[in-house]
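Enquirer: The following block contains the structure, expressed as structure tokens.
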DNA sequence: CAGTTGTACAACCATGTGGTTGTACGTTAC
DNA sequence: GTAACGTACAACCACATGGTTGTACAACTG
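Here you go:
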């Protein structure tokens, strides 16, 4: 039940590297939504079976998906806990940024905080 | 002030690719906390100045940092909005997973939901 | 002015990545 | 048993990546 506390640099590298490809991100999406076999996945993409196999292997090494034998087939499943770990990694950056803002606000004094925070935007992402 | 709504596959690739290196993640952390020059950054790592320059260039192409001239120096700053965009990308995966769980719960019926959700775990990562 | 500092950039090299084809082998279907 | 299916894996190729060194040049320093 307990998730690995610390991810090594190498593991983090593999996670982000695995996500840095559109085909692999699509595989993750699909395997999060439903179980699916390797060959069924391979049918979806305009590349060889072996190429898709390699993409799945990269995701598997990053532990973003798991593969389980069922007869001659291999069922691929997305690993949501690993996705959450990736989220936590980005949260860390966000926290660093916020702590910086807090320190700047402290320098500016309490009452100037409201104005300052509107300026450098600590709260809502500007997008979407 | 408004951030780009949709990220292209290529942009997403660059963001995750850029984060898939420990040195670059460290640069992002440091530039989120405080402004810092290229040469000051370069001093911190056990590699050539040019190598660090290249890492910064990768981050800049992913728009995870910005560079601004100040005299002969270049000030590097982390771009928190880009980090947030990356977070949103991972949120998307999380949502897919949750919607799957919701559908499974619906199949099991309303009252069976509580038991079922404890079983397949919508909240806390399961770990290995 | 001359010298030093900070940066940019090109050329080069070893290794990794993303694709291919071909072969092999266990599993299911007939 | 034989054929078809699903998968694994090796070999190969073009190109990207992450590092190096060397050169050039603008901006400060004295």
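Protein chains in written order, with the working numbering: chain A, 4 to 131; chain B, 4 to 131.
Cβ coordinates follow ideal geometry from the N, Cα and C atoms, glycine included.
Computed from a predicted model, the values in this text were never measured in an experiment.
What first and last residue would you give for the beta strand (DSSP E) that runs through residue 38 of chain B?
Expert: Counting along the chain, residue 38 of chain B falls outside any beta strand (DSSP E), and DSSP gives it neither H nor E.
Enquirer: Mind listing the chain A neighbours of residue 99 of chain B? Cutoff is C-beta to C-beta under 7 Å, in chain order.
Expert: By Cβ distance, chain A contributes 32, 35, 36.
Enquirer: Have a look at the DSSP bridge pairing and note the partners of residue 72 of chain B.
Expert: Looking at the DSSP assignment, residue 72 of chain B forms a beta bridge with B:77.
Enquirer: Residue 49 of chain A versus chain B: which residues are under 9 Å apart at the beta carbon?
Expert: Correct list: empty, because the minimum Cβ distance to chain B is about 14 Å.
Enquirer: Would you call the region 45-65 of chain B and the region 19-29 of chain B touching, i.e. three or more CB-CB distances under 8 Å?
Expert: At 8 Å Cβ cutoff, the stretches touch.
Enquirer: Exposed or buried, residue 19 of chain A, counting other C-beta atoms within 10 Å across all chains shown (16 or more means buried)?
Expert: Buried, since its Cβ has 16 or more Cβ neighbours within 10 Å.
Enquirer: Looking only at its own chain, which residues have a Cβ that is under 8 Å from the Cβ of residue 75 of chain B, when we skip the five neighbours before and after it?
Expert: Excluding residues within five positions, none has a Cβ falling inside 8 Å.
Enquirer: Taking only three categories from DSSP, how would you classify residue 33 of chain B?
Expert: Note: residue 33 of chain B maps to helix in three-state DSSP.
Enquirer: Residue 9 of chain A: which of A:55, A:42, A:92, A:78 sits nearest, CA to CA?
Expert: If we check each option's Cα against that of residue 9 of chain A, A:92 comes out closest.
Enquirer: So, is the C-beta of residue 103 of chain B closer than 8 Å to a C-beta in chain A?
Expert: Judged by the 8 Å Cβ criterion, residue 103 of chain B is in contact with chain A.
Enquirer: Can residue 31 of chain B and residue 68 of chain B be called in contact, C-beta distance under 8 Å?
Expert: Yes; because the gap between Cβ atoms is below 8 Å, this pair is in contact.
Enquirer: What residue range is occupied by the uninterrupted alpha helix (DSSP H) comprising residue 102 of chain A?
Expert: Per DSSP, residue 102 of chain A belongs to the alpha helix (DSSP H) from 83-111.
Enquirer: From this set, A:90, A:106, A:14, A:39, which residue's C-alpha is nearest residue 71 of chain A's C-alpha?
Expert: Measuring from the Cα of residue 71 of chain A, the nearest candidate turns out to be A:39.
Enquirer: What in chain B is Cβ-close to residue 52 of chain A, meaning under 7 Å?
Expert: Here the premise fails: no neighbours, minimum Cβ distance about 22 Å.
Enquirer: Using a C-beta cutoff of 8 Å, does residue 9 of chain A count as contacting chain B?
Expert: With 8 Å as the cut-off, residue 9 of chain A does not count as an interface residue toward chain B.
Enquirer: With H, G and I counted as helix, E and B as strand and the rest as coil, what does DSSP make of residue 49 of chain A?
Expert: The answer is coil: DSSP assigns residue 49 of chain A none of H, G, I, E or B.
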